[in-house]
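*Asks:* Numbering (full-length UniProt numbering), first residue to last: 1 to 446. C-beta atoms are modelled at their ideal positions from N, C-alpha and C, and glycine is treated no differently.
This is how it looks when you write it as structure tokens:
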């Protein structure tokens, strides 16, 4: 059986494929030293411009995303395996791992044997082969290796200090250059502003210079324009006065009508309150008469029992008649109250319509005349104040009604003797039944 052919660039379906080239991307971050953030803000190119090859942006982003996912997965695995066992917060655990890694690197640098300068790969291979020989290993002593390591460590520290000094110097120069650049930009903006003002002045002066050769004619034209504008203003003022007079008269008439309507509505509200008072007084009178009825019933109980049935019946009929009269009076008061309420609602509707018409008429001219605008404001304020006044009167009447109802309820509860009244009513009922039974017995006798 023949082996399958290897996959090559001439395989079917692969002619349109492009090679996958990924390049490392540097993403800006908000955290870190100030120098790094300044580099991110002013010098780091955008992410699409970082790959050197065209079309490598998407592969680079995919590679960076895959790397971030792998790092996140490794971090979660490390945290689940060792981080939770250390009983440290995540930030402190990361710092502890960095310190431990730094210590390991320093220990490896101290322990690893090195030559003075870095060598080429071929030289390193040769040195490694030479290190494998027993003769070369017997020639170097441990003391020499330690001395070389200390010398290399001192050289590395000096190089590190030199690089840090150079970096500080470069950062200082960058800051100085940025300050100079900002100062230069500010000066450029000021110069542009000054240049803009000078250009406007230059245009005005050039226009004036163009008009100088015919100064007399131009002055005459300007004088004619000024006179025409003044005449137009006078004409417009006269037209406005002709329009303003009827509007002011109409506004005054509407305001007077509104005032009379408000007085009428106030009078109606007072009448309604008086009717409510009459209703309450009638209810109080009915309650008083009920109490009187109870007292009379009590007196009736104290009277001798040989009183005829006709006297009981007559007294009961009188009480029923009085109650019927009181009920008729209460019904009349309620009907009057409903009629007044209906009339008040009609007047309120008329008042609202009058205000709407007045508001529309005044609002049309309020855009063009300051006095009409003030009058419109006063009209709106007057309408609002009158509405608040009516609402306050209604609220006060409701509060007074509730207060009186509560007082009457308190008085009635204080004067009521429910159990005694029920007992008296039951005794009266039993006495009436006995008397009815006796009358029936007499009527059946031959």
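So, using beta-carbon positions, are residue 244 and residue 336 closer together than 9 Å?
*Replies:* Contact flag unset, no.
*Asks:* With the cut-off set at 9 Å, would you say residue 295 and residue 408 are in Cβ contact?
*Replies:* Against a cut-off of 9 Å, the Cβ pair of residue 408 and residue 295 comes out as no contact.
*Asks:* Could you please give the first and the last residue of the uninterrupted alpha helix (DSSP H) stretch that includes residue 40?
*Replies:* 34-42 is the span of the alpha helix (DSSP H), which, as asked, contains residue 40.
*Asks:* What is the DSSP secondary structure of residue 46, reduced to helix, strand or coil?
*Replies:* Three-state result, residue 46: coil.
*Asks:* According to DSSP, is residue 26 part of a helix, a strand, or is it coil?
*Replies:* Reduced to three states, the DSSP call for residue 26 is coil.
*Asks:* Under a Cβ-count criterion, where at least 16 other Cβ atoms within 10 Å of its own Cβ denotes burial, should residue 379 be classed as buried or exposed?
*Replies:* By the neighbour-count rule (16 or more Cβ atoms within 10 Å), residue 379 is buried.
*Asks:* Under a three-way DSSP split, which group does residue 175 fall into?
*Replies:* If DSSP states are grouped into helix, strand and coil, residue 175 belongs with the helices.
*Asks:* Mind checking whether residue 251 and residue 356 have CB atoms under 9 Å apart?
*Replies:* For residue 251 and residue 356, no; Cβs fall outside 9 Å.
*Asks:* With a threshold of 8 Å (Cβ to nearest heavy atom), would residue 80 be considered close to the ligand PLP?
*Replies:* Judged by which ligands are present, the structure shown has none, so any question about the ligand PLP falls away.
*Asks:* Between residue 166 and residue 54, what straight-line distance do the alpha-carbon atoms span, to the nearest angstrom?
*Replies:* C-alpha separation (whole angstroms): 35 Å.
*Asks:* Please report the straight-line C-alpha distance between residue 349 and residue 366, rounded to a whole angstrom.
*Replies:* Taking the straight line from one Cα to the other gives about 25 Å.
*Asks:* Are at least three pairs of beta-carbons, each pair with one atom in the segment 22-42 and one in the segment 54-70, less than 8 Å apart?
*Replies:* With the cut-off at 8 Å, the segment 22-42 and the segment 54-70 touch.
*Asks:* Could you check where the alpha helix (DSSP H) with residue 88 kicks off and where it finishes?
*Replies:* Counting along the chain, residue 88 falls outside any alpha helix (DSSP H), and DSSP gives it neither H nor E.
*Asks:* Cα separation between residue 168 and residue 43?
*Replies:* Computed Cα separation, rounded: 17 Å.
*Asks:* In this structure, how does DSSP classify residue 367 when only helix, strand and coil are distinguished?
*Replies:* Here residue 367 sits in coil by DSSP.
*Asks:* Quick check: the Cα distance between residue 298 and residue 423, rounded to an integer number of angstroms?
*Replies:* So the alpha carbons of these two residues sit roughly 11 Å apart.
*Asks:* Helix, strand or coil for residue 52? Go by DSSP, reduced to three states.
*Replies:* Residue 52: coil per DSSP, three-state reduction.
*Asks:* For the structure I just gave you, are there three or more beta carbon pairs, one from the segment 69-88 and one from the segment 102-109, closer than 8 Å?
*Replies:* Contact fails: fewer than three Cβ-Cβ distances are below 8 Å.
*Asks:* In angstroms, rounded to a whole number, what distance separates the CA positions of residue 217 and residue 373?
*Replies:* Their backbone Cα atoms lie some 43 Å apart in a straight line.
*Asks:* Report the three-state DSSP secondary structure of residue 21 (helix, strand or coil).
*Replies:* Three-state DSSP puts residue 21 in coil, outside helix and strand.
*Asks:* Taking C-alpha atoms, which residue in 433, 109 and 264 lies nearest to residue 340?
*Replies:* For the residues 433, 109 and 264, the minimum Cα distance to residue 340 belongs to 264.
*Asks:* By alpha-carbon positions, which one of 267, 281 and 320 ends up nearest to residue 293?
*Replies:* Selected option, being the one with the closest Cα: 320.
*Asks:* Would you tell me roughly how many angstroms separate the C-alpha atoms of residue 143 and residue 56, rounded to the nearest one?
*Replies:* Their backbone Cα atoms lie some 53 Å apart in a straight line.
*Asks:* How about residue 262 and residue 334: are their beta carbons less than 9 Å apart?
*Replies:* Cβ distance not < 9 Å, so residue 262 and residue 334 don't count as in contact.
*Asks:* Which value, in whole angstroms, describes the spacing of the CA atoms of residue 8 and residue 21?
*Replies:* For residue 8, the predicted structure reports a pLDDT of 38, less than 50, and the residue's modelled location is therefore unreliable. The matter cannot be settled from this model.
*Asks:* For residue 358, is the classification buried or exposed, using 16 other Cβ atoms within 10 angstroms of its Cβ as the cut-off for buried?
*Replies:* By the 10 Å Cβ count, residue 358 comes out buried.
*Asks:* With a cut-off of 8 Å on the beta carbons, I'd call residue 153 and residue 109 a contact; round off their distance for me.
*Replies:* The pair is a contact, with the Cβ atoms about 7 Å apart (cut-off 8 Å).
*Asks:* To the nearest angstrom, how far is the alpha carbon of residue 138 from that of residue 161?
*Replies:* Bear in mind that a pLDDT of 46 at residue 138, under 50, signals an unreliable position, so the model cannot answer this.
*Asks:* Verify whether the separation of the beta carbon atoms of residue 149 and residue 111 is less than 9 Å.
*Replies:* Taking 9 Å as the Cβ cut-off, residue 149 and residue 111 qualify as a contacting pair.
*Asks:* Tell me whether residue 204 is buried or exposed, calling it buried when 16 or more other Cβ atoms sit within 10 Å of its Cβ.
*Replies:* Exposed, because fewer than 16 other Cβ atoms sit within 10 Å of the Cβ of residue 204.
*Asks:* Measure the alpha-carbon distance for residue 241 versus residue 234 and round it to whole angstroms.
*Replies:* Looking at the two C-alpha atoms, the distance is approximately 11 Å.
*Asks:* Taking the alpha-carbon positions, what's the residue 131 to residue 64 distance?
*Replies:* Because residue 131 sits at a pLDDT of 49, beneath the cut-off of 50, its placement in the model cannot be relied upon, and the point is left open.
*Asks:* Can you tell me the Cβ-Cβ gap for residue 344 and residue 272, rounded? I've got them flagged as a contact below 8 Å.
*Replies:* Right, the Cβ-Cβ distance comes to about 7 Å (below 8 Å), so this counts as a contact.
*Asks:* Between the Cα of residue 393 and those of 80, 428, 361 and 270, spot the shortest distance and give me the residue it belongs to.
*Replies:* Closest option to residue 393, Cα to Cα, is 270.
*Asks:* Tell whether a beta-carbon distance below 9 Å holds between residue 315 and residue 300.
*Replies:* Against a cut-off of 9 Å, the Cβ pair of residue 300 and residue 315 comes out as a contact.
*Asks:* Please name the residue, chosen from 83, 48, 33 and 401, that lies closest to residue 279 on a Cα-to-Cα basis.
*Replies:* Answer by Cα proximity: 401.
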